[in-house]
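Remarks on the structure that follows.
2 protein chains.
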Amino acid sequence: MTKTLVIIAHPDMARSRVNAAWAEALRRAGDITLRDLSALYPDGMIDGAVERSLLEAHDRIILQFPLTWYSCPPILSAWQIAILTRGWAYGPGGRALRLKTLGVALSTGSNGRDYQPDGRYGRTLEDVTVPFELMARHTGMHYLPPFTLTGVRECDDAAVAASARAYLDHVRTAKPRILASGRDDDRARTVYPLEAGAR
Amino acid sequence: MTKTLVIIAHPDMARSRVNAAWAEALRRAGDITLRDLSALYPDGMIDGAVERSLLEAHDRIILQFPLTWYSCPPILSAWQIAILTRGWAYGPGGRALRLKTLGVALSTGSNGRDYQPDGRYGRTLEDVTVPFELMARHTGMHYLPPFTLTGVRECDDAAVAASARAYLDHVRTAKPRILASGRDDDRARTVYPLEAGAR
Chain A
16 MTKTLVIIAH PDMARSRVNA AWAEALRRAG DITLRDLSAL YPDGMIDGAV ERSLLEAHDR
76 IILQFPLTWY SCPPILSAWQ IAILTRGWAY GPGGRALRLK TLGVALSTGS NGRDYQPDGR
136 YGRTLEDVTV PFELMARHTG MHYLPPFTLT GVRECDDAAV AASARAYLDH VRTAKPRILA
196 SGRDDDRART VYPLEAGAR
Chain B
16 MTKTLVIIAH PDMARSRVNA AWAEALRRAG DITLRDLSAL YPDGMIDGAV ERSLLEAHDR
76 IILQFPLTWY SCPPILSAWQ IAILTRGWAY GPGGRALRLK TLGVALSTGS NGRDYQPDGR
136 YGRTLEDVTV PFELMARHTG MHYLPPFTLT GVRECDDAAV AASARAYLDH VRTAKPRILA
196 SGRDDDRART VYPLEAGAR
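Same order as they appear, the protein sequences are chains A and B. Using my numbering, the first residue of the first sequence is number 16, and each one after it goes up by one. Using my numbering, the first residue of the second sequence is number 16, and each one after it goes up by one.
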């Protein structure tokens, strides 16, 4: 059975609405491992060995966060730096994450229409999350389409609850948008984006 | 005269080669203000009031860092969170950065050919730095094309020295790729990318 790990990076889950509802939906499902980085590491010092063991024990990894200046909160960057070491995640012998699946799930304050080619930002949320797509490519992981909820301040409770249900479904069933080749030489690795209709 | 502020986010400038050479070229120029965030804030706690005053006193802001998992080091995210407050940088009354100029300058370990549409990553460094482009759009700033040095491990000393000279020239003279409209209502703001030939 696929084992799923969700890494939550939120500065204050106790005051969160969307990310807390998402986490609660996953927790109730019972078979998904959740890690709330800010609760586990209040000083921001990530235990790389512990986190790497968890990644090794799971097949499907979701990084969940509120979009923060169009990027992830600093604690998730610190997590990446602590765990994605050469010889483990990439480079010679670095095969620990190969052919596992990576995805991001994020909430935004700005409205979804802002994130359109002809919108206020002129860029989409797929564009904004390119750094995570490249993390997947560099470590030989399959990469899911981003799961998103935009305009969170304007969402009523029903919309948040619906997104939590959709999130659980996404975490369980979403298919990769980019498939890793599984080749050892990551310089030579090629990736195969699925056509849009296959998402 | 244009006043330029360069914010450096590097985990260990004492061991840096490229970012240290870039900083030294700017320092020698004499008229550019440099802030080394890790040296100033070893605990990562940014003094937002001090940093905001500095931004107010300068016209041209460059964010300099080694690309870290295709993003900026965590201390630069912390800087963004500390300074880019509602009512100052954006939102009602948030006009402090309007019509100033923002740019990023970054070094990468991966080779430049990896960052091509048909390269290993399938994405360019302009794609990777979209979060900073959107920071500029959200705060009403003009946005420069990124200044980059790729494949830093394969660069000899002459290449590093040449890039430092080019960097100083870029910091002084590069023209915005995206122009802010200067309109107060940032929901209505439109941006005007220059055609490629005008870069």
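Positions of the beta carbon are idealized from the N, C-alpha and C atoms, including for glycine.
- Remark: three or more beta-carbon pairs, one from each stretch, lie closer than 8 Å, so the segment 124–135 of chain A and the segment 146–165 of chain A are flagged as touching.
- Against T83/A, the close residues of chain B are S92, Q95, I96, in the order they occur along the chain (beta-carbon pairs closer than 9 Å).
- The continuous alpha helix (DSSP H) containing P146/A extends over residues 145–154.
- When rounded, the separation of the alpha-carbon atoms in H153/B and T188/B is 24 Å.
- Bridge pairing for S122/B: P81/B, L164/B [DSSP].
- If you ignore the 5 residues before and after G197/A, its C-beta comes within less than 6 Å of the C-beta of L114, all in its own chain and listed in chain order.
- Non-local C-beta neighbours of I98/A in its own chain, meaning closer than 6 Å and more than five positions away in sequence, comprise G63, E66, R67, ordered along the chain.
- Contact note: Y136/A reaches chain B through L149, R152, using a C-beta cutoff of 7 Å and chain order.
- Less than 8 Å divides the Cβ of I23/A from the Cβ of D51/A.
- Secondary structure of Y136/B (DSSP, three-state): coil.
- With its beta carbon at least 8 Å from every one in chain B, V119/A lies outside the interface.
- Taking 8 Å as the CB threshold, S86/A lines the interface with chain B.
- About 6 Å separates the Cβ atoms of Y85/A and M150/B, confirming a contact at the 8 Å cut-off.
- C-alpha of R135/A to C-alpha of L117/B: approximately 18 Å in a straight line.
- For the options Q79/B, T19/B, L82/B, A72/B, the alpha carbon positioned closest to that of T48/B is the one of T19/B.
- Contact of D171/B with chain A is not assigned, every C-beta pair being separated by 8 Å or more.
- In this structure, the beta-carbon distance from A40/A to A177/A does not fall below 8 Å.
- Between E148/A and the set R42/A, T100/A, R138/A, P160/A, the nearest pair of CA atoms involves P160/A.
- Counting along the chain, A35/A sits inside the alpha helix (DSSP H) bounded by residues 33–44.
- Residue pairing for H157/A: DSSP places it in a beta bridge opposite T116/A.
- At a cut-off of 8 Å, the C-beta of D27/B has no neighbouring C-beta in chain A.
- The DSSP-derived three-state label of D142/A is helix.
- Collapsing the DSSP output to three states places A93/B in a helix.
- Rounded to the nearest whole angstrom, the C-alpha separation of A38/A and G106/B is 30 Å.
- A straight-line Cα-Cα distance of about 26 Å links R30/A and G108/B.
- T139/B and V143/A have their C-alpha atoms some 13 Å from each other.
- DSSP, reduced to helix, strand and coil, places S196/A outside both helices and strands of the structure shown, so it counts as coil.
- Following the DSSP letters along the chain, one finds L183/B inside the alpha helix (DSSP H) bounded by residues 172–188.
- Per the coordinates, the alpha-carbon of D184/B lies some 14 Å from the alpha-carbon of V175/B.
- Using a 10 angstroms sphere on the CB of T83/A, the tally of other CB atoms reaches 16 or more, which defines it as buried.
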